[in-house]
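Down below is the structure, laid out as structure tokens.
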Amino acid sequence: MGKKKESYTPDELEEDTGFDRRTIAYYVQEDLLPRIGRRGPRTRYPKEYRDRLTLIRKIRDAEEKGDLPYQSLRDIRHFLDQVSPEQIAALADGKLRVEKSILAESGREARLVQRESSARERAGRRGAAMSLPDPDAPDIDTLKLESGDKKKLGVARESLRSPSAADMNEAAALRELRDQPMFSRRREPARAAAAKSVAPPRDEYASLGQRLSMVLTAIEEAGRSHPAETGSSAEVRSRIDVTPNITVSARGLSGENVELMDRLRLLLREYLRLGRRAGSGED
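To get the numbering used here, take the position in the sequence shown, counting from 1, and add 69.
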């Protein structure tokens with residue numbers, strides 16, 4: 070086997086990954102790919118571009134086959150941020166399988182880091198607030214108390230200056246859980262996990278709505294730029310089945326824009342999934 074290429078032209082990236090330039094630019098905007106400054110016809114992209122795009126393609130293909138649940142761009146971005154370039158290359162080249170457990174652990178890792186940071190921040194704010202002196206409170210030393218009572222009161226006041234023990238314990242517990250080796254924890258039963266599910270947060274709806282808007286705009290612009298003849302294969306490929314009862318079609322798309330329709334299908338399916346969660350969970 071020949072040596073792997075270290076850089077790729079735009080045409081080579083499109084051929085190797087199946088993503089057109091518009092999609093690649095969109096992924097750069099979404100921070101799924103590193104920014105490399107000004108781009109042009111002679112720009113050469115690092116191997117990391119090829120590896121990340123190939124892995125994203127594998128994830129989307131696995132979703133289509135039902136081997137993976139839908140992964141939002143935010144989920145994929147969290148995953149790519151958590152693993153090394155060597156691991157990304159191994160997954161892209163098929164040396165490691167793209168499995169649900171790998172993606173789930175990565176997303177869980179990011180959530181634990183965020184929760185740990187929030188717990189520490191709450192503890193810090195509470196500690197700072199408690200350390201402020203009360204202008205109406207008399208000084209311990211001016212109170213006419215027995216020495217033993219003075220000591221107890223001093224210990225009590227000192228404890229108020231410390232961050233919440235509960236917050237600190239939560240941060241420590243989250244850190245300990247986060248530091249455990251990946252894939253070593255037992256999974257809770259799917260039924261129990263489903264029982265704990267709640268309605269998706271509003272910002273998740275907003276984020277998904279924004280992505281839907283961007284994809285629909287891209288499809289509209291692509292249709293105007295590349296009008297297809299009625300009955301052409303391009304028009305046939307632009308028809309997607311979101312569910313057995315919902316079909317969406319777009320006119321005037323060329324073959325290079327099929328990925329836009331694939332993304333639209335995944336986003337619409339995710340929107341339906343969020344709606345079902347909202348119907349069975351809590352606001």
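Ideal Cβ placement from N, Cα and C applies to all residues, glycine included. Being a predicted model, the structure only gives us computed values, none of them experimental.
Beta-carbon gap between residue i and residue j smaller than 7 Å
i, j, result
"residue 139", "residue 339", "yes"
"residue 122", "residue 131", "no"
"residue 126", "residue 86", "yes"
"residue 120", "residue 158", "yes"
"residue 319", "residue 292", "yes"
"residue 146", "residue 100", "yes"
"residue 103", "residue 90", "no"
DSSP three-state assignment for residue i, whether helix, strand or coil
i, result
"residue 308", "strand"
"residue 333", "helix"
"residue 294", "helix"
"residue 339", "helix"
"residue 276", "helix"
"residue 86", "helix"
"residue 139", "coil"
"residue 78", "coil"
"residue 38", "In the structure as shown, the chain begins at 70 and stops at 352. Residue 38 is therefore absent and cannot be evaluated."
"residue 316", "strand"
"residue 202", "The pLDDT assigned to residue 202 is 48, lower than 50, so where the model puts this residue is not dependable; a value taken from the coordinates is nonetheless given after this. Looking at residue 202 - three-state DSSP - the assignment turns out to be coil, as it is neither helix nor strand."
"residue 115", "strand"
"residue 99", "coil"
Closest Cα partner of residue i within the set the options
i, options, result
"residue 332", "165, 116, 92 and 119", "92"
"residue 277", "136, 167, 341 and 86", "341"
"residue 328", "83, 75 and 77", "83"
"residue 124", "291, 160 and 319", "160"
"residue 279", "107, 105 and 337", "337"
"residue 76", "99, 89, 100 and 105", "105"
"residue 322", "167, 133, 151 and 294", "294"
"residue 152", "117, 98 and 134", "117"
"residue 88", "74, 111, 107 and 129", "129"
"residue 290", "148, 164 and 330", "330"
At least three beta-carbon pairs within less than 8 Å, the region 310 to 317 to the region 285 to 296: Taking a contact to require three or more Cβ pairs closer than 8 Å, the region 310 to 317 and the region 285 to 296 do not qualify as touching.
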